[in-house]
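Student: Each protein sequence line maps, in turn, to chains A and B.
Here the first sequence is numbered in the numbering used here, starting from 6 and rising by one per residue.
Here the second sequence is numbered in the numbering used here, starting from 6 and rising by one per residue.
A single structure is presented below for examination.
Number of protein chains: 2
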Amino acid sequence: MVWALVDAPADPALVPDLKQDLLMTYQPPVRDHVFLLRDVLDIDQHGQLPAFADASFDLVEQILEGAAKFTGEVLAPLNGVGDKHGCVWNPDNSVTTPPGFKDAYKQLCDGGWTGLGSDPAYGGQGLPFVVGLAFSEMSSSANMAFSMYPGLAHGAYSAIHYGGSDVQKDTYLPKMVSGEWTGTMNLTEPHCGTDLGLLRTKAVPNGDGTYKISGQKIWISAGEHDMADNIVHLVLARIEGAPAGVKGISLFIVPKFLPKADGSVGERNTGVQCVGLEEKMGIHGNATCVMQYDDAQGWLIGEENSGLKLMFVMMNEARLGVGLQGVAQAEAAYQAAAAFAKDRLQGRSLTGPKNPDGPADPIIVHPDVRRMLLESKALIEGGRAFLFWTALHGDLAHGHPDEAVRAKAEDYMGLMTPVLKGYLTDKGFKVCSDAMQVHGGSGFTEHFPASQYLRDVRIALIYEGTNGIQALDLVGRKLAAKGGRAVMSFFQELDQFVGENDGDEALKPFIEALAAVKAQLQDGTMWLMQNGLQNPDNAGAASTDYMHLFGLTGLAYMWALMAKAANAKIAAGDSDPFYGAKLVTGRYFIERVLPDAGAHLAKLKTGSATLMALPAEAF
Amino acid sequence: MVWALVDAPADPALVPDLKQDLLMTYQPPVRDHVFLLRDVLDIDQHGQLPAFADASFDLVEQILEGAAKFTGEVLAPLNGVGDKHGCVWNPDNSVTTPPGFKDAYKQLCDGGWTGLGSDPAYGGQGLPFVVGLAFSEMSSSANMAFSMYPGLAHGAYSAIHYGGSDVQKDTYLPKMVSGEWTGTMNLTEPHCGTDLGLLRTKAVPNGDGTYKISGQKIWISAGEHDMADNIVHLVLARIEGAPAGVKGISLFIVPKFLPKADGSVGERNTGVQCVGLEEKMGIHGNATCVMQYDDAQGWLIGEENSGLKLMFVMMNEARLGVGLQGVAQAEAAYQAAAAFAKDRLQGRSLTGPKNPDGPADPIIVHPDVRRMLLESKALIEGGRAFLFWTALHGDLAHGHPDEAVRAKAEDYMGLMTPVLKGYLTDKGFKVCSDAMQVHGGSGFTEHFPASQYLRDVRIALIYEGTNGIQALDLVGRKLAAKGGRAVMSFFQELDQFVGENDGDEALKPFIEALAAVKAQLQDGTMWLMQNGLQNPDNAGAASTDYMHLFGLTGLAYMWALMAKAANAKIAAGDSDPFYGAKLVTGRYFIERVLPDAGAHLAKLKTGSATLMALPAEAF
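Spelled out as structure tokens, the structure:
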């Protein structure tokens, strides 16, 4: 089911001032990636980690340039095409992707982009996680719907890599790393989304180590398409006789085509079929499938009834990837808005003409337009830094020789993942909406890209666990885990940074702001500890505001780190105006984003009494 | 150009748990309208006003019941139809509206709904503005795209009623009041939206009192359709030789068919044609037209070069109507979300099962789901009250015998219009987004109505002047008008209310909250006076945050008025649980919405320095 353009009487040519160069603006932000990886995170200091041993900054910079070229030139031009054409479901249960997608996917594989961060044992390049993330951001900005195909494949790769047998790994991983085969996650059923304990899809043992899988799965992204030779479905199901609830769920590999012994594609696993596509608000270029399993052949991954744990290997990776989508769509939408604001002549500056020879000034002269653009810039650059910083901890967690460093990094990954997913997608949606607003009426038309960015990014607040679920995961699990060790470490790190930079006059506003918001977050954390245990509804009631307060604190830290790095460059005589702009953007964050922290703190401390007072029928 | 459903493999029947009764939930909120008109605004006390003389509350209640029946049963079922089918432009330049629209429009006219508030001299019913607004809200909730056709006709009616000659009034108004003819506003040209001074459409005198109009207008809502016998275009154009800029703009009537002397429809005004429809994100059921004028016959309304003043008669009415759309779409989306949250079983309450015999609890048990619903309810009910309260001032401004009352009411209309338009549509969009969030993945699919509400409401933040323009109008014109008389009156009224209710224990939290936010608004106003004059960029930089602070103050006043009315009912022994729910919702507003006021105040006081520091090329 697909929205398609069936009639086009209002030819863009009828709108004489519509400029083609405003319609495709996305330029991968390599300059900001370089700043983060070189000046802020200084990845060259991590040469002792295996992933970084062969990944000097200089090499990484070359990779970024190549990624920018591929995503900007191959993927970005197909973004609008995917939105307008959508995917088409055919009566033989096959799915045709939008024009150009298949060829672009081939280029993605040929360029080795599918295996950037994957295990060299299976043909991957073994590059740092943070480098893979940089590519993923560009790919998602250029074409979110397209980049979900390899994105989900990588999630499935990770689950098999983590939990699969040697035979399973040897069979599937090389093909998934090369991109010849893609993968999916099959969790949701019509009656069960968040609450996986309700799932009904069943698995009956065949006696030969294989299972017959039967049931219906919905909202399966990339569940069927025409770009790869095979699709490796990872399916949650309940083995006959398994315990009820989440303790009775197992994970199965259900390939579209059964692999032959030599690793090539064999006969069709006819029991798995895509029976329809979902009609949806955005990401039209990605096939959101209804998957029907009727005695499909499947193989258990890992132990019986341990499916949920394995699925969370995929899920945690996916959640970080969704937070990234929030920033990625925001970046693309912001670029379109900034280009429009510099081009569109309308009205005069409040302080006198800035383009006196023209019929009007470009709208970027207006403070309120700048407010939207600068807020976007502050959220995007802060959010990107937070993602990269966390991803670097992912690298530390996997490869650092010191166990204490690994443990702290692991703690951070757990703690930050729901914050990145929830906060950055909420803000990504805001940025995309502001980008439409900067466009005025043009933004609401489908001639300009703003509508697609807004429609596409909206799913990021929902899938892989709604943002409300992220907030609950944060306050209900991640804060309390290991006696609160993760959040304590984070507070300690912030205190240490504030202490170390106390006398730095150039950094003073950033340090003061960070110290203040850290105190607010600590206050909110104490409130949760005191009130959330005695009444869990208080924790639920506070969760979203707490998550936002956490996100603000994270970004305040990132802005302090970035300001410090920018100051150092300026002090060393670097005259690139990039650094001055960075400091202005950071100041905007402090002045005009951070005041929300106080509101979130006040709200979360009101507790659950009012929320729970109304009976359901009063809504 | 239209998005249409061309393929439907994913039959909703494939999703077994999709319940039809969740897909059409909108029930006109007559109970809340009754509360506002009877208990809060007490319209029966205004019997001395002409409009109210024949409009006792009892009669008004009957009208509301009839309006609820018509909008709920006739318009609401066509809302999804309009979205999916859209309008179709035909090669003969005609436009076909979605299936069912034409018949529904006939029922609208037959029921007399097009002339509720119109002048009895031209066949209208002369009912109070506030009663017309109640109908408009229901109509817009039920079907925003449909209700724009009569909505724009009413705006054109008002401009002709205000500025037309007797002949023009006699020719056009009776047909527009009956709904036989509709109307449009033609302002925007491709290169000129906000900045009307740039417009190029020209008018050449024919020497016989008529003009030849030539030019292109875009984004003309309801510019062409098949539901009425004639369409009365009001067109801004520049008479040859007129001064440049906004001082050289005149307003013309350009009917699709030239009226005959007997008032019937004559020959086609062939110089006006719809040459295409805009493809857009939402309101697909409304025809957004590219209108081409080539020597079309037109008649000047009012004086030469006084077009802008006349257009603002329409515009101010339209802006209030757009603020109303924010609340109306929010109401419909909220109802859909509340119905979903009571039906969807997923997970268990954090404090133990609430539906122990079922497989899971309905998601409305979760505090974070309730947070979204209660925030929506607080914003909708507060926003509706603010609209109705302002509309009543519209009635006072037109009909009150005391000149001082009329003047104050007129001041309020001017001051509140940008706040209602900007604040209520910003919040309407938030509510529609939260309604999608409550739906989870279902909300992103087009099976459920959440996507349409979100896509439709988005235009309300843009058209009739973007919300940024509203904020500038507020700080740049409305605050300063007549030496700040309007805002002073408002502060005085708030102080008086606070003083009069100081000892009312039951009302205490509402009074304290109102006094606090009023002080914050006054602080922000002072800051603007001191800093906005010396540097207009400071006013521009503060404008949106100031508008939100104003909106919050307005809603705090409304919640205090509503709480007082609810307390009085409860004290009088009325046991309707409606009043208790009203007080809980008001408490939510104070605890969890009002804290934003401090953040807005802090932000607006930061001034424009950071905003203006970056050169354009740094964006």
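We treat Cβ as the ideally placed atom computed from N, Cα and C, and that holds for glycine.
Check the Cβ-Cβ distances between F317(A) and every residue of chain B, and say whether any is below 8 Å.
Tutor: F317(A) does not count as touching chain B.
Student: Could you tell me the boundaries of the alpha helix (DSSP H) in which S219(A) lies?
Tutor: Careful: S219(A) lies outside any alpha helix (DSSP H), inside the beta strand (DSSP E) at T215 to S226.
Student: Of the residues that make up the segment 366–400 of chain A, which ones have a beta carbon closer than 9 Å to any beta carbon in chain B?
Tutor: P367, I368, I369, V370, H371, P372, D373, V374, R375, R376, M377, L378, L379 and K382
Student: Output needed for A511(A): all residues of its chain with C-beta closer than 7 Å, excluding positions within five of it in sequence on either side, in chain order.
Tutor: N572
Student: According to the Cβ coordinates, are G169(A) and I306(A) closer than 8 Å?
Tutor: Yes.
Student: Starting from L178(A), trace the alpha helix (DSSP H) in both directions and tell me its first and last residue.
Tutor: D171 to S183
Student: Could you check where the beta strand (DSSP E) with I516(A) kicks off and where it finishes?
Tutor: No beta strand (DSSP E) holds I516(A); the alpha helix (DSSP H) holding it covers K513 to G537.
Student: Starting from R460(A), find everything on chain B with Cβ-Cβ shorter than 8 Å and list it in chain order.
Tutor: M286 and R460
Student: Going by Cα to Cα distance, which pick from F134(B), L616(B), H238(B) and I223(B) is closest to T187(B)?
Tutor: H238(B)
Student: Could you tell me whether the Cβ of P14(A) comes closer than 8 Å to any Cβ of chain B?
Tutor: Caution applies to P14(A), whose pLDDT of 33 falls short of 50 and renders its modelled position unreliable; the value that the coordinates give is listed next. Yes, P14(A) counts as interfacial toward chain B.
Student: Work out the CA separation of A242(B) and E283(B) for me, nearest whole Å.
Tutor: Roughly 22 Å separates the two Cα atoms.
Student: If you drop the 5 nearest sequence neighbours on each side, which residues of the same chain put their C-beta closer than 7 Å to that of Q527(B)?
Tutor: F496
Student: Cα separation between A344(A) and F134(B)?
Tutor: 43 Å
Student: Please tell me whether, using a cut-off of 7 Å, the distance from the CB of M617(A) to the nearest non-hydrogen atom of the ligand NAP is below it.
Tutor: Ligands in the displayed structure: none, and consequently the ligand NAP is not present.
Student: Check whether the Cβ atoms of R460(B) and F434(B) lie closer than 8 Å to each other.
Tutor: no
Student: Identify the contact partners of D601(B) in chain A, using a Cβ-Cβ distance below 7 Å as the criterion.
Tutor: A604
Student: So, for G120(A): in the same chain, excluding its five sequence neighbours on each side, which residues have a beta-carbon less than 7 Å away from its beta-carbon?
Tutor: G128, G129, Q130, V182 and S183
Student: Buried or exposed for V436(B), going by 16 or more other Cβ atoms inside 10 Å?
Tutor: buried
Student: Using a Cβ-Cβ distance cut-off of 8 Å, determine whether Y110(B) contacts chain A.
Tutor: no
Student: For T471(A), decide whether its Cβ has a neighbour in chain B, counting only Cβ atoms nearer than 8 Å.
Tutor: Yes, T471(A) lies at the interface with chain B (some Cβ there is under 8 Å from its Cβ).
Student: Checking 8 Å against the spacing of the C-beta atoms, do K252(A) and I236(A) come in under that value?
Tutor: No, they are not a contact pair.
Student: Check each candidate in E78(A), I165(A) and P367(A) and name the one with the smallest Cα separation from S144(A).
Tutor: E78(A)
Student: How would you write the range of the alpha helix (DSSP H) that H166(A) sits in, first residue to last?
Tutor: M149 to G168
Student: Whose CA, out of G585(A), L599(A) and F624(A), lies closest to the CA of A618(B)?
Tutor: G585(A)
Student: What does L69(B) touch in chain A if you count any residue whose Cβ is under 9 Å from its own?
Tutor: What L69(B) touches in chain A: nothing, since even the nearest Cβ is about 21 Å away.
Student: How big is the Cα-Cα spacing for E622(B) and P582(A)?
Tutor: 10 Å
Student: Give me the subset of the segment 208–229 of chain B whose CB atoms are less than 7 Å from a CB atom of chain A, sorted by chain position.
Tutor: I223 and W224
Student: Between the alpha carbons of F40(A) and G312(B), how many angstroms are there, rounded?
Tutor: 54 Å
Student: With burial defined as no fewer than 16 other Cβ atoms inside 10 Å of the residue's Cβ, what is the status of S580(A): buried or exposed?
Tutor: Exposed, by the Cβ-count rule.
Student: DSSP three-state call for S145(B): helix, strand or coil?
Tutor: helix
Student: Which residues of chain B have a Cβ atom closer than 9 Å to the Cβ of T199(A), listed in chain order?
Tutor: Near T199(A) (Cβ distances below 9 Å), the residues of chain B are Q351, G352, I368 and G445.
Student: Under a Cβ-count criterion, where at least 16 other Cβ atoms within 10 Å of its own Cβ denotes burial, should R273(B) be classed as buried or exposed?
Tutor: exposed
Student: Going by DSSP in three states, D300(B) sits in which element: helix, strand or coil?
Tutor: strand
Student: For the beta strand (DSSP E) holding H238(A), just list the boundary residues, first then last.
Tutor: N235 to I244
Student: Extract the residue ranges of the beta strand (DSSP E) inside the segment 540–576 of chain A, only unbroken runs of 3 or more that lie entirely within it.
Tutor: Counting whole runs of 3 or more residues, the segment 540–576 of chain A contains no beta strand (DSSP E) stretch at all.
Student: Runs of 4 residues minimum, wholly inside the segment 340–415 of chain A: which ones carry the alpha helix (DSSP H) assignment?
Tutor: 372–404
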